[in-house]
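The next block holds one structure in the form of structure tokens; read it before the comments.
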Amino acid sequence: MFFRTALLVMRKDLTVEVRSREILYTTLFFAVSCILVFAFAFVKEGEVLGDAAAGILWIAISFAGTLALGRTFERERHAETLRALMLAPVERSAIYVGKLLGILLLLFAAELVLVPLVALLFSAALFSRPVLLVGLLAAGTLGFAAVGTLFAAMLVRARSRDVLLPVLLYPITIPVIIAGVRGTALLLQPNVDQAMVVMWLSLLFAFDVVFLTLSLWTFEPLMTD
Amino acid sequence: MTVDFDRLVLDDVTRVFERRRALSHVSLTCEAGEIFGLLGPNGAGKSTLLSIVATLLSPSAGTVRYGDHTVAQAGPLLRARIGLLGHDLYLYPELSARENLTFFAHLYAVEDVTTRVGQALERANLADRADDPVFGYSRGMRQRLALERALLHDPRLLLLDEPFTGLDDASTHALLDRLREFRAGGRIIVLATHDLDVADGIVDRVGILRNGRLLDAGRGGESLRARYRAALLAAAPAGGGGRPA
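Protein sequence lines, in the order shown, are assigned to chains R and P.
If you want this note's numbering, it's the 1-based position in the first sequence plus 425.
If you want this note's numbering, it's the 1-based position in the second sequence plus 1106.
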């Protein structure tokens, strides 16, 4: 029943998104603009500044994620449908997981565009170790979205939610972003230190476990009031 | 497993939002087979009380009992027996009426979803617009759809917050008939409204709220408007504000 509910909520969110295409388009537009601006700043005569590509990729993902999180819950607030979800006779943590899965799919779709774009504009060898890259992106996005979904749901009734979400989210997810940037930067080196990449990946998995556990544990009491 | 109950009891319920006391020591009982009218001016605490009964809010003090059960004991099982039609309609505007009802039917684990959704669309008189997105519906159409969403899982306790908003005369009478049908079926109905004319003919007992305090709770009978005015006027020197309707 738990996963059935989570999948139901995720499917509903995706159906709404397919109809409006609002979040995917705005998120992509924002993230691509961000990458283009950085490309103008950091690429001089075909030369890229240090590990800029890794940092810019994760900045674009985190900015896009914040935008997507805010809009997803703004939709639920608009017609107060979040209250209808909370009223349903299901575990509220299943609703959290459903919302999280929806956000993750949107962010993964955005990453399908962002990663090749960064690789192209910054001449970055992001695809030299595709499995490790996918692992870093998946684990990093999960950690970021796990905390973000909880905070966005909590702030849905706050008057200054648009300001508060990044203010709360970025300090908490700094370890995820650092691990993502350092792991991805290692992939850009001519001789990839695989052991170090695996270390950053392990760190990301550890963050994911902690953040997911805390979010599942706190979602119900936080949403009741 | 399901839980059932034939009485809703609020005992000394208080709810505080930061420094504002939205409900203050409210005690009342609603029985199966009756419609309890919750009356009061805007900001009286009606929606807060319904949110607490619907398990969406916890009381700051006091208890709410559903027969022998409490939210802490029964949780999701209890929510399966509660239907809420809020002031906001809890519908996804991008989805069609059929998709909205199907989503909530699955969420409530309703059996034979297709048939139940089809019946609900017929009752809402929306069968011919069932596959249109809800954002194109009039307020009255959305209100009828929202009512069917609240009733889809055959709730034991039905909470209605201003359910007549946006309904034309025919829809209002249809809703009143449905409420009588539900009352006859032994359900507990709590109807929060400030439309005294519509409430007058249907409620069995009333509770009059003002500034979060329950001023009067008793059986219907005499003119609701006269009783409402009397209750508010009697409380005016102590509380202030909130002109009688």
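No residue lacks a Cβ here, since even glycine has one placed at the ideal position from N, Cα and C.
None of these values were measured; they are calculated from a predicted model.
Measure the alpha-carbon distance for residue i versus residue j and round it to whole angstroms.
| i | j | result |
| --- | --- | --- |
| H1212 of chain P | G1173 of chain P | 27 Å |
| L1339 of chain P | C1136 of chain P | 25 Å |
| A535 of chain R | D1267 of chain P | 41 Å |
| I1158 of chain P | N1317 of chain P | 16 Å |
| R1204 of chain P | G490 of chain R | 31 Å |
| V443 of chain R | F488 of chain R | 22 Å |
| G1348 of chain P | D1310 of chain P | Residue placement at G1348 of chain P cannot be trusted, given a pLDDT of 46 that sits under 50; what the coordinates show is reported in the next sentence. Distance between the alpha carbons of G1348 of chain P and D1310 of chain P: 24 Å. |
| D1238 of chain P | L1251 of chain P | 12 Å |
| L507 of chain R | G495 of chain R | 14 Å |
| F1288 of chain P | G1272 of chain P | 22 Å |
| K1152 of chain P | V623 of chain R | 56 Å |
| T1221 of chain P | D1112 of chain P | 28 Å |
| A563 of chain R | F630 of chain R | 10 Å |
| R436 of chain R | F428 of chain R | 12 Å |
| R1262 of chain P | R1284 of chain P | 14 Å |
| V1122 of chain P | T1161 of chain P | 16 Å |
| A464 of chain R | S458 of chain R | 10 Å |
| F1210 of chain P | L1163 of chain P | 21 Å |
| L594 of chain R | A571 of chain R | 10 Å |
| A1298 of chain P | L1265 of chain P | 8 Å |
| V1240 of chain P | D1234 of chain P | 13 Å |
| R607 of chain R | G565 of chain R | 11 Å |
| Y1198 of chain P | L1207 of chain P | 10 Å |
| F576 of chain R | V434 of chain R | 18 Å |
| R1319 of chain P | V1296 of chain P | 17 Å |
| M511 of chain R | M648 of chain R | 8 Å |
| S1133 of chain P | A1280 of chain P | 32 Å |
| Q619 of chain R | K469 of chain R | 30 Å |
| A1150 of chain P | Y1214 of chain P | 31 Å |
| D633 of chain R | R446 of chain R | 28 Å |
| H503 of chain R | R1125 of chain P | 26 Å |
Excluding the 5 residues preceding and the 5 following residue i in the sequence, name in chain order all residues of the same chain whose CB lies nearer than 7 Å to its CB.
| i | result |
| --- | --- |
| L628 of chain R | A604 |
| A493 of chain R | I448, T452, I528, L531, L532 |
| I518 of chain R | Correcting the residue type first, residue 518 of chain R is Ser in the shown sequence and not Ile. Only L641, F644, E645 meet the Cβ criterion. |
| I460 of chain R | I481, A485, L539, L542, V543, L546 |
| S553 of chain R | L612, V617 |
| I597 of chain R | V572 |
| L580 of chain R | R586, L589, L590 |
| N1231 of chain P | R1250 |
| V462 of chain R | none |
Locate the alpha helix (DSSP H) running through residue i, then write down its first and last residues.
| i | result |
| --- | --- |
| F1123 of chain P | Per DSSP, F1123 of chain P belongs to no alpha helix (DSSP H); it is in the beta strand (DSSP E), 1113–1123. |
| I394 of chain R | No statement about residue 394 of chain R is possible, as the shown extent of chain R runs from 426 to 650 and does not include it. |
| Y1198 of chain P | Premise fails: Y1198 of chain P is in no alpha helix (DSSP H) and is neither H nor E. |
| R1097 of chain P | An answer regarding residue 1097 of chain P cannot be provided, because it is not within the stretch 1107 to 1351 covered by chain P. |
| T1105 of chain P | Nothing about residue 1105 of chain P can be reported from this structure: the residues present for chain P run from 1107 to 1351 only. |
| Y595 of chain R | 586–612 |
| D633 of chain R | 619–649 |
| G565 of chain R | 555–579 |
| R502 of chain R | 477–503 |
| E536 of chain R | 517–546 |
| R1185 of chain P | 1182–1185 |
| M426 of chain R | No alpha helix (DSSP H) holds M426 of chain R; DSSP gives it neither H nor E. |
Starting from the C-beta of residue i, find all residues in its chain whose C-beta is less than 8 Å away, skip the five residues before and the five after it, and write them out in chain order.
| i | result |
| --- | --- |
| D1274 of chain P | G1246 |
| A1337 of chain P | I1314, R1316, L1321, D1322 |
| L1330 of chain P | G1143, L1145, L1302, A1305, D1306, V1309, V1312 |
| A583 of chain R | L589 |
| A1351 of chain P | Note on A1351 of chain P: pLDDT 46, under 50, position unreliable in the model; the coordinate value appears next. Cβ neighbours of A1351 of chain P beyond the five flanking positions: P1147, H1300, L1302, R1331, Y1334, R1335. |
| G471 of chain R | S548 |
| F467 of chain R | V473, L474, A477, I481, F547 |
| R1248 of chain P | L1195, L1197, V1240, G1272 |
| P1269 of chain P | L1191, Q1249, L1253, L1281, L1297, T1299 |
I believe residue i touches residue j by the beta-carbon criterion, under 8 Å. Please report the beta-carbon distance rounded to the nearest angstrom.
| i | j | result |
| --- | --- | --- |
| T497 of chain R | D438 of chain R | 7 Å |
| T430 of chain R | G523 of chain R | 6 Å |
| V1170 of chain P | V1119 of chain P | 6 Å |
| V1216 of chain P | L1184 of chain P | With 8 Å as the limit, V1216 of chain P and L1184 of chain P do not qualify as a contact, their Cβ atoms being about 17 Å apart. |
| A479 of chain R | T574 of chain R | Actually they do not touch by this definition, with Cβ atoms about 25 Å apart. |
Which first and last residues belong to the beta strand (DSSP E) in which residue i is found?
| i | result |
| --- | --- |
| S1133 of chain P | 1126–1137 |
| V1296 of chain P | 1294–1299 |
| H1142 of chain P | Residue 1142 of chain P is actually Phe in this sequence, not His. Residues 1140–1145. |
| I1308 of chain P | Element bounds for I1308 of chain P: n/a, residue is neither H nor E. |
| V1170 of chain P | 1167–1172 |
| L1191 of chain P | 1188–1191 |
Closer than 8 Å by beta-carbon distance: list the chain B residues that pair up with residue i, in chain order.
| i | result |
| --- | --- |
| K469 of chain R | Chain labels in this structure do not include chain B; the protein chains are R and P. |
Please work out which residues of its chain come closer than 6 Å, Cβ to Cβ, to residue i, disregarding the five sequence neighbours upstream and downstream, and give them in chain order.
| i | result |
| --- | --- |
| G1168 of chain P | D1117, D1118, V1119, T1120 |
| L1253 of chain P | L1191 |
| V515 of chain R | T430 |
| I1294 of chain P | L1114, C1136, A1138, L1263 |
Below 7 Å, is the gap between the Cβ of residue i and the nearest heavy atom of the ligand GDP?
| i | result |
| --- | --- |
| G1292 of chain P | The ligand GDP is absent from the structure shown, which contains no ligands of any kind. |
Worksheet item: Quick one: complete beta strand (DSSP E) runs, 3+ long, within the region 1237–1274 of chain P?
Response: As far as the region 1237–1274 of chain P is concerned, its whole beta strand (DSSP E) runs of at least 3 residues are 1263–1267.
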